[in-house]
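Residue numbers (my numbering), protein chains in the order written: chain A, 1 to 149; chain B, 1001 to 1149.
Worksheet for the structure shown next.
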DNA sequence: ATACACCTTAAAGTCAACTTGAAGTCAAGA
DNA sequence: TCTTGACTTCAAGTTGACTTTAAGGTGTAT
């Protein structure tokens, strides 16, 4: 079995040791054990827990809610259903975030076209004053949205 | 021409009036004019600026950088190129964010399968102790990543 | 046994982006 | 004219997630 100190595990995860200590303090790492002298001893299986925490963090979940999930997991098999429900909820949240970023991407692509056209003409007034049917079809709805229609 | 107070514009945008005042204070709204008595007067065209600010915010850009963009825009046509460069940079950033969220989504889908399997069997030890070739092909790389391989 | 790197805790500090509160001003309707 | 609701500024407070600092303990290598 391989064991790690907080510094080693932090390095492996690419985070600061203080971050792991902070997570522990906040109750997110109840699974981490201690040596005789009080030093944290991370096991190989703890890496997986930290990976799950990292995954949930990437979904935008707050530490207090991640803590709830970890606490459920510590209860054992009786909490399988609420854990499943939470995962499904986060999955839907991530899908919504992707959809929103894709809309943002379309807006940026419009702006890219806008400034490219401005650059070619030496002035933003050319793309700005174009009529709807003069601009590429894929950007029409974007401009309508930006202008409040 | 239609004009709006800070409260009306905030409502239209779905933000708090204090947010718009804060943005103004931070120099993000140099285009907003004032009445004789010192009250902010938002024009129709300001809605579009606020939409651009909102778009950049959704990319994760900080207010100080959005301010830089707005300041460039206020300089006029001589800043078309740096504005285009900034838009392209944000576009790439958003693409990377989408890719990361998609990876997170795959992890959540693995976890959904994991807890569904646990639920069917009454214990997480069933999915946990499965060998790699027992689990659905699409989840193999996810589990390898979570376990640190 | 001593040095040294790395560990410990507790408390305070930081940062971005707001939000709230206090005290006062503006403008539209009765 | 007066009331009323929304506006103004400035300063201080809030939130979440860390990071830093200080004072001290651990553990391994020589």
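Cβ coordinates follow ideal geometry from the N, Cα and C atoms, glycine included.
Asked                                                                                                                  : Found
The region 80-91 of chain A: positions lying closer than 7 Å to chain B by Cβ                                          : 80, 81, 83, 84, 87, 88, 90, 91
Continuous alpha helix (DSSP H) stretch holding residue 6 of chain A: start and end                                    : 6-13
Proximity of residue 1143 of chain B and residue 1135 of chain B at Cβ, strictly below 9 Å                             : yes
Candidates B:1054, B:1046, B:1092, B:1096: closest to residue 1074 of chain B by CA position                           : B:1046
Near the ligand HEM: residue 106 of chain A beta-carbon under 8 Å from a heavy atom                                    : The ligand HEM is not among the ligands present in this structure, which contains no ligands whatsoever.
Proximity test, Cβ basis, 9 Å: residue 1129 of chain B and chain A                                                     : no
Cutoff 8 Å; reference residue 1035 of chain B; Cβ partners in own chain excluding five residues on either side         : 1041
Residues in the region 92-104 of chain A having any Cβ partner in chain B nearer than 8 Å                              : 94, 95, 97, 98, 100, 101, 102, 104
Chain B contact for residue 108 of chain A (CB, 9 Å cutoff)                                                            : yes
Span separating the alpha-carbon of residue 1141 of chain B from that of residue 1055 of chain B                       : 34 Å
For residue 1043 of chain B: DSSP bridge partner residues                                                              : B:1003
8 Å contact criterion, which residue 1108 of chain B and residue 91 of chain A should meet: CB distance rounded        : 4 Å
Where residue 34 of chain A sits in the DSSP three-state scheme                                                        : strand
Residue 1059 of chain B in three-state terms, based on DSSP                                                            : coil
Closest by C-alpha distance to residue 1038 of chain B, when choosing among B:1021, B:1113, B:1094                     : B:1021
Coarse secondary structure for residue 1016 of chain B, derived from DSSP in three states                              : coil
Stretch pair the region 1120-1135 of chain B + the region 1081-1095 of chain B: three plus CB contacts closer than 8 Å : no
Cross-chain neighbours of residue 1122 of chain B in chain A, by beta carbon under 9 Å                                 : 77, 80
Cβ of residue 68 of chain A within 9 Å of any chain B Cβ                                                               : no
Residue 137 of chain A to residue 110 of chain A span [Cα, whole Å]                                                    : 11 Å
Proximal residues, the region 1004-1029 of chain B versus chain A, C-beta separation under 7 Å                         : none
Proximal residues of chain A, C-beta to C-beta of residue 1116 of chain B below 8 Å                                    : 84
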